[in-house]
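Chains as they are written, first to last, in the working numbering: chain A, 5 to 115; chain B, -11 to 101. First up is the structure itself, then whatever we jot down about it.
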Amino acid sequence: QQPVQSPQAVILREGEDAVINCSSSKALYSVHWYRQKHGEAPVFLMILLKGGEQKGHDKISASFNEKKQQSSLYLTASQLSYSGTYFCGTFSNFGNEKLTFGTGTRLTIIP
Amino acid sequence: ETGVTQTPRHLVMGMTNKKSLKCEQHLGHNAMYWYKQSAKKPLELMFVYNFKEQTENNSVPSRFSPECPNSSHLFLHLHTLQPEDSALYLCASSQDRVSYEQYFGPGTRLTVT
């Protein structure tokens, strides 16, 4: 079963903040976040492992709440370059090779 | 050449044709993947190879046939496809199957007429 992402789409002005959520019905071992710009390949952003960690680089960070089986991606002071579709991918347990992707969240940043 | 490359970038084929997609990774990774990306659908994992051995076949129809001759190359052989197979086919690689990030190639845009 694929993880559910919300919102499906969001439009922000440059400088505003965004939160993208990823929820699973299964217990999770890890959550991956990717961004795909139109016409390009998905690009890895970060992995969060079981243990409830938070990660971040630049103004993009994420949290993983394994009890709630969900992860959130935080984009702070968004820039035009942040536009794209964000996907979360989940592994339900260690040793399960199948990274299952959510349906994506389309983020549009306008000047 | 660095990263993950895919050829061709665009392919138009008839339903009776046979064609192959090629993927090459220059990252020294051990795992390689084929994904299908259709409009308004999530990325669908098709096949996983780890150390050249197929470890996952995600209920993919037999008209798609993967081949992994070595850890750096991955092929997807196509025959008697259907129009609904039109999609972006993405290849990816990772250091191992589970905990490492996946690096994606640019994809092959396939149109079946």
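Idealized CB from N, CA, C, for every residue including glycine.
Counterpart residues of B:Met20 in DSSP-defined beta bridges: For this step, residue 20 of chain B is matched to residue 32 along the second sequence. For B:Met20, DSSP records a beta bridge to B:Tyr37, B:Ser81.
With a threshold of 8 Å, establish whether the CB of B:Glu32 neighbours any heavy atom of the ligand MG. The ligand content of the structure shown is nil, which means the ligand MG is not present either.
Span of the beta strand (DSSP E), counted from its first residue to its last, around B:Lys10: To locate residue 10 of chain B, count along the second sequence from 1; it is residue 22. Taken as a continuous stretch (DSSP letters only), the beta strand (DSSP E) holding B:Lys10 covers 6 to 13.
Quick one: give me the first and last residue of the beta strand (DSSP E) that A:Ser27 is part of. If you number the first sequence from 1, residue 27 of chain A lands on position 23. Per DSSP, A:Ser27 belongs to the beta strand (DSSP E) from 22 to 27.
For a quick check, are the C-beta atoms of B:Val(-8) and A:Ala22 less than 9 Å apart? Position 4 of the second sequence, counting from 1, holds the residue named residue -8 of chain B. Position 18 of the first sequence, counting from 1, holds the residue named residue 22 of chain A. Their beta carbons are not under 9 Å apart, which means B:Val(-8) does not touch A:Ala22 by this criterion.
By the three-class DSSP mapping on this structure, what secondary structure does B:Leu31 have? Along the second sequence, one-based indexing puts residue 31 of chain B at 43. Note: B:Leu31 maps to coil in three-state DSSP.
Roughly how many angstroms lie between the CA atoms of B:Gly95 and B:Gln25, to the nearest whole one? On the second sequence, position 107 is the one that residue 95 of chain B refers to. On the second sequence, position 37 is the one that residue 25 of chain B refers to. C-alpha separation (whole angstroms): 9 Å.
For A:Gln5, which residues of its own chain have a beta-carbon under 6 Å away from its beta-carbon, when the five flanking residues on both sides are left out? As a working mapping, residue 5 of chain A is identified with position 1 in the first sequence. Counting only Cβ-Cβ distances below 6 Å, and skipping sequence neighbours, we find Ser29.
How many Å lie between A:Lys72 and B:Glu72 at the Cα? As a working mapping, residue 72 of chain A is identified with position 68 in the first sequence. As a working mapping, residue 72 of chain B is identified with position 84 in the second sequence. Straight-line Cα distance between these residues: approximately 36 Å.
Beta-carbon separation of A:Leu49 and A:Leu77 under 9 Å? Counted from its first residue, the first sequence places residue 49 of chain A at position 45. Counted from its first residue, the first sequence places residue 77 of chain A at position 73. The answer is yes: Cβ separation under 9 Å.
Can you find the residues in the same chain that come closer than 8 Å, C-beta to C-beta, to A:Leu103, ignoring five residues on each side of it along the sequence? Within the first sequence, residue 103 of chain A is the residue found at index 99, counting from 1. Excluding residues up to 5 positions away in sequence, His36, Gly93, Thr94, Phe95 lie with their Cβ nearer than 8 Å to the Cβ of A:Leu103 in the same chain.
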